[in-house]
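**Q** Take a look at this one; I'll ask things after.
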Amino acid sequence: MTIPQAQTVSIVPIWPALVVPVLTALLQGEILHRKDVFDAASDIAGLTALARAETLTSGGYRYEQRMGWALSHLSKAGWIDRPARGYYTINDAGREALRRYPNGFDYAKAREIFAPYWPDPIRSPGADAAVADAVAAAVEILDPVEQIEDGINRIEEEVGSELLSRLRDSHPDFFEQAVVDLLLAMGYGGAEQRGKRIGGPNDEGIDGIIDQDALGLDRIYVQAKRYKEGNNIGRETIQAFVGALHGLGATRGVFLTTSAFTPGAIDYAQNVQSRVILIDGQRLVGLMIKYRVGVQVQRTYTTVEIDADFFE
Numbered sequence: 183m184t185i186p187q188a189q190t191v192s193i194v195p196i197w198p199a200l201v202v203p204v205l206t207a208l209l210q211g212e213i214l215h216r217k218d219v220f221d222a223a224s225d226i227a228g229l230t231a232l233a234r235a236e237t238l239t240s241g242g243y244r245y246e247q248r249m250g251w252a253l254s255h256l257s258k259a260g261w262i263d264r265p266a267r268g269y270y271t272i273n274d275a276g277r278e279a280l281r282r283y284p285n286g287f288d289y290a291k292a293r294e295i296f297a298p299y300w301p302d303p304i305r306s307p308g309a310d311a312a313v314a315d316a317v318a319a320a321v322e323i324l325d326p327v328e329q330i331e332d333g334i335n336r337i338e339e340e341v342g343s344e345l346l347s348r349l350r351d352s353h354p355d356f357f358e359q360a361v362v363d364l365l366l367a368m369g370y371g372g373a374e375q376r377g378k379r380i381g382g383p384n385d386e387g388i389d390g391i392i393d394q395d396a397l398g399l400d401r402i403y404v405q406a407k408r409y410k411e412g413n414n415i416g417r418e419t420i421q422a423f424v425g426a427l428h429g430l431g432a433t434r435g436v437f438l439t440t441s442a443f444t445p446g447a448i449d450y451a452q453n454v455q456s457r458v459i460l461i462d463g464q465r466l467v468g469l470m471i472k473y474r475v476g477v478q479v480q481r482t483y484t485t486v487e488i489d490a491d492f493f494e
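First residue of the sequence shown? That's 183 in the working numbering, and the numbers climb one at a time after it.
Here it is, written out as structure tokens:
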């Protein structure tokens, strides 16, 4: 059995490491709004601007999500009180906890203290208890919203990998049409979906055209290269594409590939007078998943939260 791994790319501390900063923010005895708790605790924890700017896939700041999870545990443990909706204050149990745990919490300590407030791990008959505990330990590092997003991200990574493999194995004509379909799905070409593949032996370096207006006065030109991994697009290829744009009197183009671009190609595209957007394989499949091109929705899930206005 594969044990879920906590997200490792985040620079925001896991929620157990934020327990003491949150308690310390409330230590002055003031009643603080949730947002004020987050701001004060962030300063105490030494969160950098980069850490505070990190967002969840669904939107919102990751540090606020994790501090909210810390607040939830502190409330369940009876270490803080909520005198009004959205406001918090520390109590005697919380002050005692700060004295008892001056070095803060790692995950092991948090699990020891707060595990009674977690749902019991789901155990199937005959399941290995040690594996179940390890799974629970790995998962509970993240709050429920992050668990859902982590699972979705893993699924999309697997789908993206398979999608990229299929694109690389597809016929060039199919790939050229696929990238035109993607740009139309993204909203280019207007409501009338004005776009077409024109690739062929005499395409003059242009594989597709997207008309931004009904008369075709504003056009985006497309080139698509179906290359294997490691066969990266160099500066010379982008220069040739820009030359094709100039020959058509065009100023905007999109170059898409199933591989990647060399630093020289990226630097050239960023500095050339024409507006040229480079989309590599990873970004390509990410956009296809986002705009549902070449993929289909298998199932959806709905999350709920308390409607505080209902209880007003």
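Ideal Cβ placement from N, Cα and C applies to all residues, glycine included.
Because the structure is a prediction, the values reported are computed rather than measured.
For L397, name the three-state secondary structure that DSSP assigns.
**A** Start at 1 with the first residue of the sequence shown, and residue 397 comes out as number 215. Coil.
**Q** When you compare the CB positions of A279 and W261, do they come within less than 7 Å of one another, or not?
**A** The residue given as residue 279 occupies position 97 in the sequence shown. The residue given as residue 261 occupies position 79 in the sequence shown. Result yes, Cβ atoms of A279 and W261 sit closer than 7 Å.
**Q** With distances taken between CB atoms, is the gap from G371 to I392 smaller than 7 Å?
**A** In the sequence shown, the residue the question calls residue 371 occupies position 189. In the sequence shown, the residue the question calls residue 392 occupies position 210. Yes, the Cβ-Cβ distance between G371 and I392 is below 7 Å.
**Q** Over what stretch of residues does the alpha helix (DSSP H) that includes T239 continue unbroken?
**A** As a position in the sequence shown, residue 239 is number 57, starting the count at 1. Where T239 is concerned, there is no enclosing alpha helix (DSSP H), given that its DSSP letter is neither H nor E.
**Q** If we call anything under 7 Å between Cβ atoms a contact, is F437 one with L460?
**A** Taking the first residue of the sequence shown as 1, we reach residue 437 at position 255. Taking the first residue of the sequence shown as 1, we reach residue 460 at position 278. Yes, Cβ-Cβ distance for F437 and L460 is below 7 Å.
**Q** Helix, strand or coil for A442 per DSSP?
**A** Counting from 1 along the sequence shown, the entry for residue 442 is found at position 260. In the structure shown, A442 sits in coil (DSSP, three-state: anything other than H, G, I, E or B).
**Q** Grouping DSSP H, G and I as helix and E and B as strand, with all else coil, what is I459?
**A** Here residue 459 refers to the residue found at position 277 when the sequence shown is read from its first residue. Strand.
**Q** Would you identify the three-state DSSP class for L214, choosing helix, strand or coil?
**A** Translated into positions along the sequence shown, residue 214 becomes position 32. In this structure, L214 counts as strand in the three-state DSSP scheme.
**Q** Hey, how far is the Cα of Q480 from the Cα of G276?
**A** Taking the sequence shown and counting its residues from 1, the one referred to as residue 480 is at position 298. Taking the sequence shown and counting its residues from 1, the one referred to as residue 276 is at position 94. Roughly 45 Å between the two C-alpha positions.
**Q** Applying the criterion that 16 or more other CB atoms from any shown protein chain within 10 Å of the CB defines a buried residue, is V201 buried or exposed?
**A** On the sequence shown, position 19 is the one that residue 201 refers to. Looking at its Cβ environment, which holds 16 or more other Cβ atoms inside 10 Å, V201 is buried.
**Q** As a quick exercise: from G476, L209, Y245 and Q247, pick the residue whose alpha carbon is nearest that of D363.
**A** Translated into the one-based positions of the sequence shown, residue 363 becomes position 181. If we check each option's Cα against that of D363, G476 comes out closest.
**Q** Ordered along the chain, which non-local residues of its own chain (more than five positions away) have a Cβ less than 7 Å from that of H215?
**A** Position 33 of the sequence shown, counting from 1, holds the residue named residue 215. So the list reads G268 and Y269, once near-sequence residues are dropped.
**Q** For P284, tell me which candidate among D400, A222 and A199 has the shortest Cα-Cα distance.
**A** As a working note, residue 284 is residue 102 in the sequence shown. Nearest of D400, A222 and A199 to P284, Cα basis: A199.
**Q** Drop a sphere of 10 angstroms on the beta-carbon of V486, count the other beta-carbons inside from all chains shown, and report buried for 16 or more, exposed for fewer.
**A** Translated into positions along the sequence shown, residue 486 becomes position 304. Exposed: under 16 other Cβ atoms inside 10 Å.
**Q** When the Cα atoms are used, what is the spatial distance from R512 to T439?
**A** The structure shown does not extend to residue 512, since the chain spans only 183 to 494, so no value can be given for it.
**Q** Mapping the DSSP letters down to three states, classify V436 as helix, strand or coil.
**A** Counted from its first residue, the sequence shown places residue 436 at position 254. The answer is strand: DSSP assigns V436 an E or B state.
**Q** Hey, would you say T444 sits closer than 7 Å to G425, going by beta carbons?
**A** Start at 1 with the first residue of the sequence shown, and residue 444 comes out as number 262. Start at 1 with the first residue of the sequence shown, and residue 425 comes out as number 243. No, these two residues do not count as a Cβ contact at 7 Å.
**Q** Is it true that the CB of L345 sits closer than 7 Å to the CB of V467?
**A** For the purposes of this step, residue 467 is taken as residue 285 along the sequence shown, with counting starting at 1. For the purposes of this step, residue 345 is taken as residue 163 along the sequence shown, with counting starting at 1. Yes, the pair counts as a contact, with Cβ atoms nearer than the cut-off.
**Q** Taking the Cβ atom as the reference point for each residue, do A227 and I193 lie within a distance shorter than 7 Å?
**A** Taking the first residue of the sequence shown as 1, we reach residue 227 at position 45. Taking the first residue of the sequence shown as 1, we reach residue 193 at position 11. Contact flag unset, no.
**Q** Whole angstroms is fine: what's the gap from L238's alpha carbon to R244's?
**A** Counting from one through the sequence shown, the residue named residue 238 turns up at place 56. Counting from one through the sequence shown, the residue named residue 244 turns up at place 62. Taking the straight line joining both Cα atoms gives about 6 Å.
**Q** In three-state DSSP terms, what is I420?
**A** Here residue 420 refers to the residue found at position 238 of the sequence shown. Correct three-state label for I420: helix.
**Q** With a 10 Å radius around its C-beta and 16 neighbouring C-beta atoms as the bar for buried, classify E374 as buried or exposed.
**A** In the sequence shown, counting from the first residue as 1, residue 374 sits at position 192. Looking at its Cβ environment, which holds fewer than 16 other Cβ atoms inside 10 Å, E374 is exposed.
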